[in-house]
């Protein structure tokens, strides 16, 4: 119960606290403490030092053991920089929205932890719908037309999507008809154990609905649009949260159903669908990188690309799956870095248009360089972690039963890389016609420090490749029956 | 394999440590001080590295033994030591030169710290590439090398030209790294190891090894700059700061050669088609490379194309080596690989010499367009002489080093023809003629460069030609190397021979050392001596009968102006007109038809065929295709919802049809 | 009994696809809410328990009272025009709806051969889901989108009862709460949209593109 | 002293001494054929004697290049000459691969000659230099398709050995060698700036190639250039006459007679060619050279496949 209160109840309570306290400072303090506690405990669980005992509907398994620290890590850093972010001047219309920020963020943490820790499909559904609810108002943080539109689209699309996921869950119960599971609760554990007895037709149907429904949240093409709009218009910390953890929460749902389907005869079918979705995502990112003219949208498409890659790892299996798990870890960190720096750029130029941002390396040298490095990190340039995970995914694909996929993946990723580079370099290098007369030396802010820490983190984790991470990922792979 | 001796170990590690340390000195607030100290530290590190390389078995009489340290992550065998030697040898003069070159930026109140940081990282990672014995370490070093080179290239980032040029490099290097991934995945899959020392595959084992071979030629060919994968090279090299261009063209391209040779070691012996494959693309690279060079007016672009040519020549050597290995002819192997390896060293030397020379000129004139230069021999006599040495060397003309390596390659052709008889002589003769043709074009090109830049009279005013002592030191070192390899090739040939004996050939052959190298020393010395003696005589005669200067013959016209000189465009016009279509050579002649002609104009320019006819159109077609995919960029949420329904329908159909 | 209710449910779907009045949607939502609550209460005819009545009661509260009332309020507040402007004529729309329903009913009866399931609630639920999406796709008014979404949710509920009503009550309550909050948020958003864009039609939302 | 070395040194002296005479003979032949009396055969010697006593004038814009270029020219040509079997003797320099050195050392000559021409800074010299660079490029393959092809067939890589390997045992080989010698003749015409490629006696700067490059040289420089050009002509003459090698194998005496007769006949031939042809248009010269190359390739192909 202790773990439950730290992971879920405490954030909920804090959310309530923040809702009623109007001053930002105590809100921030409370949130930081909660974030720290959450991070600490999830790390303890991850390291295997602490074995969590959770009430019904919740449990810790190998995959939530990995995903929970990802969430709390991303969350902690985002909350840490949130205060300084909130103090930036914004439109007066948006000022009133600030007071709900921490409440919503805490609610997000509670919902997200609940989704990750849930051991029951129903619980998972409720929690992940709650995450949508918590994020939607945050997208509307700026109170601008664009953010309103983005919020509407995100809320509507994801609600519809998640409704489909619910149909999928219902179909799953249908597939259990006539087996020992009939009339039983929808616990993952039981379903995994008796997976082979499930009715394949309904299982397939269930998979289709859950996969497609959750795709709206993960950002798997062609259901990615709402996600793109939301991440690009949300304030940067929220975009970082969404890209770094919310998408993974949804992805976890797909992983769960995939885990059930794995030992059954429908496995091949499910794999194919996931691979189709993943390749489509890469394709969409590839297409839009050519024409995107808004740097936050560009980052959002990059998220689509990387979630696509992770899904591809899941679909292909084997070594690629291991790579995908590593990729989930590294990608979440790199995305936080990118969005934070994008936030700084937005803060200075007051625009998300690429054309408006010029000569950023001179005007914002610190942010500029870190943004550049983050771009390299996300593109899989060593020594950053993504290089190592991408290598694993690529190798996994090359030696799977579908090696030709590697050609496609590399082709798409190449052009994504090139076009992303083109956009970023124009922002950083290109001289503007109206060069400001006096360039104020950019101050070294907290978020720079955080970004440096995160970049170092993503490097150190990758280079030292800690045994415990490896073992955890291997455990997941074993649970998913991946042959290595 | 044995562990490196303690001193060697310590020396190598110390060398790298000191090189890394040089970054620390960049923390000085004073730019000038930071520049100086970090460069000097880097030099110390490089020199230490060079000493450790020289003190290795490479230069002693003993056989080369492969040495591995850091539990096999790093391994020093003949090939590594040789390339390490090349890198360090050339990095020293370029680093010396950077002190004077970068000072100009400091004077313009421009921070050079970022450049030096990336430059140092580049040097270190390049050294790591050739000593890495593990695929992941290799790939990491390779990527770090590519990226740091990119950031160093893009140093003058405000300029549009720099942005485009560097971007070519950036994109090309990413294509390359993807290919390298696949190569090493295949190795890993086949051998189950990431360590180079475990990589032994044979062509007889199915399709895997031919695939590896083709991929490695394409992948490393992109880096090295073989046609048609060279398109990024003439874009990126000219716009880099000259210090870097020297290093890029001189050394960095050679990592591609290193890669090809390394892969060869893993998959030898090869079937013969590999050799022919490499030979053909190399000859094409060599001929077209130099021909493109001839059509350029931008000195650094011209030199960049010459890199393509020289890489082609190295490739020809490698191709002969492959043919030798296929037919189990150690003598041919030794000559082919020997020529390639020696030319690698030679090209590194004279190409950096030429780039540094052009950098000195660029600093003073502020332009890279040779049409605006001229007559620089008068203010900068010694630079002209040093540049001339480099030019003669790169044209493969005796008595300098370029000739020695080309000679070995020619001998390789003769040997192949001789050993294999049949239809080989006629095929080999074709390649010989190709190589000779390349030589002729190189002569045309470098006479053009030298005469337009240095000879004649000034086309643009040069008030004072600044040179610094660092320029002379670095150019001097390189010129000295050109001369010494030319005049006394034995020790260098000996080293190359040893490197080849360490893991290249199947049987031993002394074909390389059997060439009468002493003749070269004698002949070249006698040329030098003869010229000297004759010069003395000439001076004496001139004293006796008089000597004076007078205006040149102008067909009766007295006031010859610098603008009346022959230009680079007109010099090369006749030659460039021949392969007009390939060079994409355009000229514009404006002749006034008046009875009293006023002004006539002649302009010429050439675009890279691969770039303008393949890469850019392909990219544009792709972009146009992508732009056609409109249905994905809907803004209406109803479409989003529709997509869900459609996708579910499609997936259900798949499920329904699933067997 | 279940089948009768399902048929009623389907009739409400037909109505909703031909009506051109916004208010009619709200009424339909109410009717559907009642049908669903009744459906949930059927078991209690045989076996009554206080604890089990919570869910149908909440359902009744949320789906019949709270949500329709809230939507009505939004309509009144925003002064939305009564008529809806469909992009597809009703005369075309209705045949599509009928065709879809026929296909769904046929498909479900085929599927029911392999698994034992109540075809009529199942198919009507599924039809509601699809028709809800049709409504969203063919109407421009955002408020109608919300209604379409709710029809879809109702369909899911019906579908759920047909498949298995084994979900624990806590979770059922959770889903209801979630849906309510979604609608609530959508209402707020609609409010904002009306004040920002001066219109409630989907065509106004076209700023975000590449 | 070794006899071979002595022979080598004597060869060089012969080349240096006889070269102007050979040029004089060519001119005389030509004069006679065109119906003039012509200058005496020893005229080149007088010319050289005259030049060496003249004042040297350098163009005002020129640099050290145009001062050392004549020296390099002569010295390098002498070294090249030292690789040739004069009178079928073993040359001073003879080692495996000297055929390449020979070709490249002539490249060195060309390199500096072009530079020296460009050094003047006048358009005339520039034009000549550009032409020289272009035509030399096309002349290079001819060398390799003639002497080089014999080398490839015989397997020898030294000029001496290559000529040594020529045998008169096989009719197809004989035809091969004869056609080779024709190609070498065409090469010699090009390299030595004779008709129909270049007209040494023209008076219009715009139509010259070699002569225009030394337009602004005088005195000792011109002396060196002139002398070098005589040596060069003679070098190519030796390349041509050495094809008679097989005759010297039975009897050296007959061989040497044939050698000398051949040389004289060559002057006659050059005279005839210069008389009956006119200089080609500049545009057509590459075609002429490619024609010579084509002959070489065809010859080699025919030989390889009729063997």
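Protein chains in written order, with this note's numbering: chain P, 617 to 1100; chain Y, 791 to 1449; chain Z, 24 to 233; chain S, -19 to 287.
Cβ coordinates follow ideal geometry from the N, Cα and C atoms, glycine included.
Given a length threshold of 4 residues, each whole run of the alpha helix (DSSP H) inside the segment 817 to 874 of chain Y is given here in chain order: 821 to 844. Taking C-beta atoms under 8 Å as the contact rule, residue 916 of chain P and residue 847 of chain P qualify, at a distance of about 4 Å. Taking 8 Å as the upper bound on Cβ-Cβ separation, chain Y lies near residues 52, 54, 55, 56, 58 and 59 of the segment 52 to 66 of chain S. The alpha-carbon of residue 1389 of chain Y is positioned some 47 Å away from that of residue 1276 of chain Y. Annotation: residue 985 of chain Y is outside any beta strand (DSSP E) and is labelled neither H nor E by DSSP. Under DSSP, residue 1088 of chain Y shares a beta bridge with Y/1159. In the three-state reduction of the DSSP assignment, residue 1061 of chain P falls in the coil class.
The three-state reading of DSSP puts residue 219 of chain Z in helix, counting H, G and I together. Contact check between the segment 639 to 654 of chain P and the segment 689 to 700 of chain P: three or more CB pairs, one atom from each, fall below 8 Å, which counts as touching.
Counting along the chain, residue 1338 of chain Y sits inside the beta strand (DSSP E) bounded by residues 1337 to 1340. Not a single C-beta of chain Z is nearer than 7 Å to the C-beta of residue 1367 of chain Y. Listed as beta-bridge partners of residue 109 of chain Z by DSSP are Z/162.
Interface with chain Y (7 Å Cβ-Cβ cutoff): residue 982 of chain P is excluded. In this structure, residue 1047 of chain P places its C-beta atom within 7 Å of the C-beta atom of residue 948 of chain Y. Residue 138 of chain Z has a beta carbon lying within less than 7 Å of a beta carbon in chain P. Only those residues of the segment 1159 to 1193 of chain Y whose C-beta falls short of 9 Å from the nearest C-beta of chain S are listed: 1164, 1165, 1167, 1168, 1171, 1174, 1175, 1178, 1181, 1182, 1185, 1186, 1187, 1188, 1189 and 1193.
By the neighbour-count criterion, in which 16 or more other beta carbons inside 10 Å mark a residue as buried, residue 258 of chain S falls on the exposed side.
P/849 is the residue among P/951, P/937, P/923 and P/849 whose C-alpha sits nearest the C-alpha of residue 962 of chain P. The beta carbons of residue 97 of chain S and residue 113 of chain S sit no closer together than 7 Å. The Cβ of residue 24 of chain S sits no closer than 7 Å to any Cβ of chain Y. Secondary-structure assignment with DSSP links residue 1375 of chain Y through a beta bridge to Y/1396.
Per DSSP, residue 821 of chain P is one residue of the alpha helix (DSSP H) stretching across 816 to 834.
Contact annotation for residue 971 of chain Y against chain P: 1007 and 1010 [CB-CB distance below 7 Å, chain order]. For residue 919 of chain P, same chain residues with a beta-carbon under 7 Å away, outside a window of 5 residues either side, are 835, 847, 859, 863 and 951 in chain order. Below the 7 Å Cβ cutoff, chain Z contributes 225 and 228 as neighbours of residue 1427 of chain Y, in chain order. Annotation: residue 133 of chain S to residue 1205 of chain Y spans about 12 Å, alpha carbon to alpha carbon. Of all residues in the segment 892 to 910 of chain P, those with a C-beta nearer than 8 Å to a C-beta of chain Z are 904, 907, 908, 909 and 910, reading in chain order.
Between the segment 798 to 812 of chain P and the segment 751 to 770 of chain P there are fewer than three inter-stretch CB-CB distances shorter than 8 Å, so the stretches are not counted as touching.
Look at the segment 817 to 834 of chain P: the residues with a C-beta under 9 Å from a C-beta of chain Y are 817, 820, 821, 823, 824, 825, 827, 828, 829, 831 and 832. Shown here, residue 1018 of chain P sits in coil according to DSSP, grouped into three states, outside any helix or strand. Cβ neighbours of residue 849 of chain Y within its own chain (closer than 7 Å, five residues either side excluded): 1285. Counting C-beta pairs closer than 8 Å gives fewer than three between the segment 796 to 806 of chain P and the segment 884 to 891 of chain P, which falls short of the contact rule. Straight-line measurement puts the Cα of residue 178 of chain S at about 6 Å from the Cα of residue 189 of chain S. Beta-bridge partners assigned by DSSP to residue 910 of chain P: P/969. Below the 7 Å Cβ cutoff, chain S contributes no neighbours of residue 1120 of chain Y, its closest Cβ being approximately 17 Å away. Counting every other CB atom within 10 Å of its CB across the protein chains shown gives residue -18 of chain S a total below 16, marking it as exposed.
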